[in-house]
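K.L.:
Here you go, one structure.
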Amino acid sequence: MQTIHQDTIVAIATPQGEGAIGIIRLSGPNAIHLADTYFYGSNLLKAEGNTVHYGKLKDDDGKMLDECLATVFKAPRSYTKEDVVEFACHGSSYILKSVIKLFLTNGARLAEPGEFTMRAYLNGQMDLSQAEAVADLIASNTASQHALAMDQMRGGFSKMIAALREKLIEFASLIELENDFSEEDVEFADRDSLKQLVQKILRTIRELKQSFDYGNAIKEGIPVAIIGKPNVGKSTLLNALLNEDKAIISAIPGTTRDVIEDTIQMEGLLFRFIDTAGIRETEDTIESLGIARSKEQLAKANIVICVSEIQEDHPSIVQEYKALGVSETQHGIIVLNKTDTFHACHAYDVEEATSTLLNRMPVIAMSAKEKTHLGRLQKELVSVVQEKSKPSQTIVSNLRHYEALDNASTSLEKVIIGLDEGISSDFVAMDIRHALQYLGEISGEISTDDLLDSIFSNFCIGK
Amino acid sequence: MFPKYDVIVVGAGHAGCEAAVAAANMGSKVLLATMNMNTIAQMSCNPAMGGVAKGQIVREVDALGGYSGIVTDHSMIQFRMLNLSKGPAMWSPRAQSDRMEFAAKWRQMLEAHPNIDFWQEMVRGLIVKDGVCKGVLTGIGLEIASESVVLTNGTFLNGLIHIGEKQFGGGRAGEKAATGITEQLVELGFESGRMKTGTPPRVDGRSLDWDKMETQPGDKNPSKFSFTDTPELTKQIPCHIAFTSTEVHEVLKTGFDRSPMFNGRIRGLGPRYCPSIEDKIERFADKDRHQLFVEPEGRNTCEIYVNGFSSSLPEDVQYKALRKIVGFENAKMFRPGYAIEYDFFPPTQLDISLETRLVKNLFFAGQINGTTGYEEAACQGLMAGINAHMAVNDLEPFILKRSDAYIGVLIDDLVNKGTKEPYRMFTSRAEYRILLRQDNADQRLTPLASAIGMQGMEQRLIRVNEKEQALIDIEKLFKKTSVEPAKLNPFLATVGSKALDQKQKAINLINRPKVGIQDVMANCEALEEALADYSIDVLHSAETKIKYAGYIEKEQEMVDKMNRLESVKLHADFDYQKLPSLSAEAKEKLSTQKPRTIGQASRISGVSPSDISVLLVHVGR
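Sequence lines, in order, name chains A and B. Using numbering that gives the first Met the number 0, you'd call the opening residue of the first sequence number 0 and step up by one each time. Using numbering that gives the first Met the number 0, you'd call the opening residue of the second sequence number 0 and step up by one each time.
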């Protein structure tokens with residue numbers, strides 16, 4: 000197959016740094032020929048597609064560079080739909096650089112960031128949202144990020160958008176019927192059923208929009224804030240969770256004057272912990288700055304761990320919790336810390352009593368210092384997230400997609416207002432068209448130059 | 000015998016007449032060749048101009064200096080603004096014309112033009128040298144030289160008329176078909192196709208029982224088509240509404256075995272949105288009645304057009320079925336309905352200027368391009384006439400964008416997507432119809448016509464400027480004038496709008512749904528006085544401008560966004576075969592249709608959005 004690009008590109012396809020193996024990828028019309036010229040072991044020109052060959056790579060002077068495996072992909076059955084050869088070499092950066100240099104001096108060009116994927120897109124391998132998903136896939140570090148990117152790449156999201164578009168087009172046609180054929184003897188859909196139809200579409204879009212928070216959290220790490228009065232052991236708890244001494248711990252209240260962040264992976268989920276300065280009234284200006292920032296961070300968190308020192312008087316714990324101002328949309332977990340200084344046998348009773356007073360919200364009595372019952376807290380965190388996501392649910396994780404959905408739903412809300420207020424159908428139809436156009440932007444059905452530019456510049460080298 | 004012409008227009012229907020006038024008003028020397036000078040500007044089908052989307056086109060033609068609007072205003076016997084309840088973009092003027100007066104007025108206006116000559120004879124061929132059109136060849140063997148030719152042959156090219164099992168050559172009932180041109184063009188490499196259309200029977204108005212039908216009068220305050228000073232319509236003649244019945248349908252069915260539609264005799268494709276009565280019965284078997292519009296053919300005739308009863312069934316079946324319609328019990332038939340098949344040339348063979356890609360200086364307009372309707376034909380004629388003049392003078396073609404006019408939408412659709420059935424305009428074909436209103440056609444297009452040097456535009460441009468100033472003044476007035484609750488509240492109650500509890504700026508009221516500019520005026524003396532001198536049309540335009548400002552602005556943004564793609568030029572010699580990532584279909588379509596811009600390429604059927612992305616990347620965007 001002849002492809003759009005006449006040149007052959009090469010790049011190291013594995014991350015920078017030393018690894019057990021390093022992969023070099025060649026793609027383009029001359030890839031197989033070029034690879035075969037320097038590969039000694041078997042004849043790659045005669046190799047079938049999708050086959051692996053053992054051999055040696057030698058440079059122009061016949062000096063051996065490495066022993067390696069060469070995988071041959073034939074157009075169009077390759078990632079880029081072009082001829083592709085991948086060399087799995089030993090992972091020394093010296094070897095990899097020598098091999099790249101060999102190909103560069105013999106006709107290949109160094110691939111630009113994202114160029115392999117760009118070729119895949121241009122050669123019709125994938126649509127725009129699939130191509131973006133590849134970028135996410137490459138950058139995915141956790142199992143759930145990976146599953147999300149895989150789902151998008153397989154076109155699950157594209158299909159859903161296509162189905163939405165179809166429904167919208169159906170709706171639009173009902174409105175157009177009235178506009179263009181008012182003089183004809185036909186029955187028109189009544190306003191109420193039109194409204195129901197839009198509302199149904201709008202619900203689907205809203206669900207997708209809501210999934211963005213979760214989808215984005217998976218990509219960026221689910222934000223968890225740790226809050227509580229000063230010196231209840233928030234930093235100790237963070238360190239226990241992270242297993243390191245990140246925050247400065249001291250017995251002086253107000254030691255943590257700024258927000259400290261770190262991420263940790265638990266059961267394939269990425270959590271981004273935010274330790275905050277204890278929230279209290281203070282005269283110390285630096286500390287009060289820290290408190291203001293804490294409140295800001297608190298608002299952004301999906302999960303809030305509220306730390307209190309355990310005590311017999313559970314109503315005052317409840318009061319303490321309520322004073323922290325955790326919003327209804329956030330998932331709160333109460334940690335009753337310092338059980339090491341408490342009668343162990345009473346801890347469970349306090350936990351139970353506190354939870355009962357707070358509508359059965361999760362309450363965990365533990366010791367951050369001794370790391371007792373830390374596992375319960377970790378399990379609780381994971382289950383909160385898993386509850387929010389049902390498997391196979393389509394999740395939006397891309398900001399561009401989110402914006403398009405947001406615009407589409409704004410247009411559709413206008414449609415409903417229009418129908419309610421008796422706005423004439425030409426304007427109602429206009430809002431529907433806009434909604435359609437916005438949805439089209441997701442799957443790349445309406446493509447603009449800047450759109451492409453920004454997408455492809457987000458790719459890292461070697462996919 | 001002949002001087003050398005700049006433009007020869009072949010055919011004098013709606014497309015041909017507009018083409019001749021447009022080229023002549025651009026300054027070209029024009030010859031209008033027609034087979035019969037007595038049938039210039041015939042309304043071959045129903046005696047009406049305009050309608051939904053079509054009315055907007057007539058206004059656009061008028062704004063660009065065409066004559067269809069003026070002729071209609073002079074010859075109309077009834078006027079209605081359709082879709083008044085649907086919002087300003089949907090408002091569509093429609094007029095019932097006096098058929099004979101319409102043709103007479105056209106001929107008079109053509110004859111009044113010093114740049115237009117006439118020749119009555121069939122044109123049977125073109126003079127083509129080295130891929131350039133140099134004139135025409137007539138039936139008696141005359142060669143008439145010209146710099147360019149516009150073909151507007153309508154249904155005449157190898158026209159074949161069907162009435163039941165009878166079939167005979169003809170371009171219209173009683174008129175000969177034209178031969179020779181199709182054959183020559185096919186030899187030159189053109190692809191031709193066959194289309195079909197039909198017309199209903201005409202009956203004797205004296206034989207109808209009008210009391211049994213519903214009356215459909217014209218508007219109380221009839222408007223007009225032309226932006227110029229044409230006469231006001233005074234004495235209107237109503238139309239009537241009748242219905243078919245199961246009884247009528249049963250009679251019609253007795254002729255189905257002799258119907259050329261059903262026995263496969265007619266091969267050309269007819270329009271789905273304008274089916275024959277037998278088609279309606281067959282396809283919508285569950286409907287037990289169909290609406291018919293009973294339209295007068297003129298002031299001085301009793302001939303009646305039965306709109307909605309188009310048929311190619313045998314004449315005796317048509318007659319018997321007509322007489323089963325309530326009010327038609329004693330009907331006498333003047334002419335039977337018939338179907339006609341004719342040659343057309345898929346319009347994807349045209350450049351967006353309407354010039355053919357195979358032969359330079361040859362232009363097509365009207366049904367030859369696969370369209371239907373007087374309005375669609377007229378606007379193509381106008382554009383072909385202008386562009387023939389442009390080509391002769393080596394000037395850039397005059398192209399209207401989809402965001403400029405329905406005319407732009409129509410031509411863009413035709414040359415990029417082509418058409419399988421006769422193409423008719425609908426408002427839904429125009430993505431920016433909020434901007435393409437009948438009320439602002441002059442503001443949109445007259446400046447463009449003036450800029451290319453169309454004759455007679457100076458005076459019109461002054462008017463457009465006056466109108467725009469008036470719109471600004473009116474808006475200012477509404478912004479500064481306050482209205483009293485006591486005066487307005489009784490009216491607001493009648494439309495279910497919230498009562499005022501204090502004085503309000505008038506503009507806030509217009510922004511409410513169901514409240515119009517005239518409603519506010521009627522309840523505010525200061526406004527009524529200040530606006531007394533403005534015409535109703537200007538007041539309506541002002542209302543639209545104020546009330547829908549948000550929508551209009553949003554739509555304009557969309558246009559600007561799209562126009563970015565329209566500004567990315569593609570060279571005619573661009574080698575699409577070199578881009579393997581294009582689909583095979585896209586490669587072929589782009590190579591043959593040679594779009595001028597990426598925007599145009601994006602609308603070619605078979606060119607997908609991913610193909611467009613490939614092109615964008617390739618041209619370095």
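Heads up, the beta-carbon is just placed ideally off N, CA and C, and yes, glycines get one too.
Taking only three categories from DSSP, how would you classify residue 623 of chain B?
P.N.:
It is not possible to answer for residue 623 of chain B, since the shown part of chain B is limited to 0 through 620.
K.L.:
At the level of alpha carbons, what is the spacing between residue 205 of chain B and residue 15 of chain B?
P.N.:
Rounded to the nearest angstrom, the two C-alpha atoms are 35 Å apart.
K.L.:
Give the residues of chain A in contact with residue 432 of chain B, contact being defined as C-beta atoms less than 7 Å apart.
P.N.:
Those are 425, listed as they occur along chain A.
K.L.:
CA-CA distance, residue 6 of chain B and residue 103 of chain B?
P.N.:
Using only the alpha carbons, I get a separation of about 23 Å.
K.L.:
Quick one: does residue 421 of chain A have its CB under 7 Å from some CB of chain B?
P.N.:
Chain B, which has a Cβ nearer than 7 Å to the Cβ of residue 421 of chain A, makes this yes.
K.L.:
So what does residue 239 of chain B bridge to, in DSSP terms?
P.N.:
Answer is B:214, B:293.
K.L.:
Under a Cβ-count criterion, where at least 16 other Cβ atoms within 10 Å of its own Cβ denotes burial, should residue 53 of chain A be classed as buried or exposed?
P.N.:
Exposed, by the Cβ-count rule.
K.L.:
Could you list which residues in chain B have their beta carbon closer than 8 Å to that of residue 178 of chain A, in chain order?
P.N.:
Those within 8 Å of residue 178 of chain A in chain B are 51, 82, 85, 89, 426, 427.
K.L.:
Apply the 10 Å Cβ neighbour rule to residue 118 of chain B and answer buried if 16 or more other Cβ atoms are within range, or exposed otherwise.
P.N.:
Result: buried.
K.L.:
What's the call for residue 36 of chain B, buried or exposed, on a 16-neighbour Cβ count within 10 Å?
P.N.:
Flag for residue 36 of chain B reads exposed.
K.L.:
Which residues in chain A have a C-beta closer than 7 Å to the C-beta of residue 554 of chain B? List them in chain order.
P.N.:
Ordered by position in chain A, the residues that pass the 7 Å Cβ test against residue 554 of chain B are 429.
K.L.:
Helix, strand or coil for residue 320 of chain A? Go by DSSP, reduced to three states.
P.N.:
In this structure, residue 320 of chain A counts as helix in the three-state DSSP scheme.
K.L.:
Decide if residue 239 of chain B is buried, meaning its Cβ has at least 16 other Cβ atoms within 10 Å, or exposed.
P.N.:
When all chains shown are included, residue 239 of chain B counts as buried.
K.L.:
Going by DSSP, what residue range makes up the beta strand (DSSP E) through residue 166 of chain B?
P.N.:
165-168 is the span of the beta strand (DSSP E), which, as asked, contains residue 166 of chain B.
K.L.:
In whole angstroms, what is the alpha-carbon distance linking residue 415 of chain B and residue 400 of chain A?
P.N.:
Going from the Cα of residue 415 of chain B to the Cα of residue 400 of chain A covers about 31 Å.
K.L.:
Closest to residue 1 of chain B by C-alpha separation, out of B:9, B:144, B:38, would be which residue?
P.N.:
Measuring from the Cα of residue 1 of chain B, the nearest candidate turns out to be B:144.
K.L.:
For residue 448 of chain A and chain B, any beta-carbon pair shorter than 7 Å?
P.N.:
Any reading at residue 448 of chain A is ruled out, since the residue's pLDDT is 33, under 50, leaving its predicted position unreliable.
K.L.:
With 16 other CB atoms within 10 Å as the buried threshold, where does residue 342 of chain A fall?
P.N.:
Exposed, by the Cβ-count rule.
K.L.:
Which chain A residues are close to residue 486 of chain B, counting only those with a beta carbon under 9 Å from its beta carbon?
P.N.:
The premise fails here: residue 486 of chain B is roughly 24 Å from chain A at the closest Cβ pair, so nothing lies under 9 Å.
K.L.:
Short of 9 Å Cβ to Cβ, which residues in the region 526-548 of chain B face chain A?
P.N.:
Flagged, chain order: 547.
K.L.:
Quick check: what's the CA-CA separation for residue 326 of chain A versus residue 408 of chain A?
P.N.:
Those two C-alpha atoms are separated by around 25 Å.
K.L.:
Kindly indicate which three-state DSSP category residue 344 of chain A falls into: helix, strand or coil?
P.N.:
Here residue 344 of chain A sits in helix by DSSP.
K.L.:
Residue 181 of chain A CB to nearest chain B CB: under 7 Å?
P.N.:
Yes, because at least one Cβ of chain B sits closer than 7 Å to the Cβ of residue 181 of chain A.
K.L.:
So with Cβ pairs under 7 Å, would you call residue 575 of chain B a contact of chain A?
P.N.:
It does not; no Cβ of chain A falls within 7 Å.
K.L.:
Drop a sphere of 10 angstroms on the beta-carbon of residue 77 of chain A, count the other beta-carbons inside from all chains shown, and report buried for 16 or more, exposed for fewer.
P.N.:
Result: buried.
K.L.:
Over what stretch of residues does the alpha helix (DSSP H) that includes residue 585 of chain B continue unbroken?
P.N.:
583-592 is the span of the alpha helix (DSSP H), which, as asked, contains residue 585 of chain B.
K.L.:
Among B:258, B:274, B:271, which has the Cα closest to the Cα of residue 317 of chain B?
P.N.:
For residue 317 of chain B, the nearest C-alpha among the options comes from B:258.
K.L.:
Would you check if there are 3 or more beta carbon pairs closer than 8 Å linking the region 331-348 of chain B to the region 302-316 of chain B?
P.N.:
Flag = yes, the region 331-348 of chain B and the region 302-316 of chain B touch.
K.L.:
Examine the Cβ distances between the region 518-538 of chain B and the region 557-575 of chain B and report whether three or more of them are shorter than 8 Å.
P.N.:
The region 518-538 of chain B is not in contact with the region 557-575 of chain B.
K.L.:
For the beta strand (DSSP E) containing residue 65 of chain A, list its first residue and its last residue.
P.N.:
Taken as a continuous stretch (DSSP letters only), the beta strand (DSSP E) holding residue 65 of chain A covers 63-72.
K.L.:
I need the DSSP call for residue 6 of chain A, collapsed to helix, strand or coil.
P.N.:
It is coil, neither helix nor strand.
K.L.:
What's the call for residue 171 of chain B, buried or exposed, on a 16-neighbour Cβ count within 10 Å?
P.N.:
By the neighbour-count rule (16 or more Cβ atoms within 10 Å), residue 171 of chain B is buried.
K.L.:
Could you work out which residues of chain B lie near residue 175 of chain A, taking near to mean beta carbons separated by less than 9 Å?
P.N.:
Within chain B, the residues near residue 175 of chain A are 425, 426, 427.
K.L.:
Find the nearest neighbour of residue 133 of chain B within the set B:349, B:8, B:470, B:279, judged by alpha-carbon distance.
P.N.:
Among B:349, B:8, B:470, B:279, the Cα nearest to that of residue 133 of chain B is on B:8.
K.L.:
If I measure Cβ to Cβ from residue 424 of chain A and keep anything under 7 Å in the same chain, skipping five residues before and after, which residues do I get?
P.N.:
Only 174, 177, 178 meet the Cβ criterion.
K.L.:
Give the DSSP-derived three-state secondary structure of residue 333 of chain A in the structure shown.
P.N.:
DSSP places residue 333 of chain A in strand when its eight states are reduced to three.
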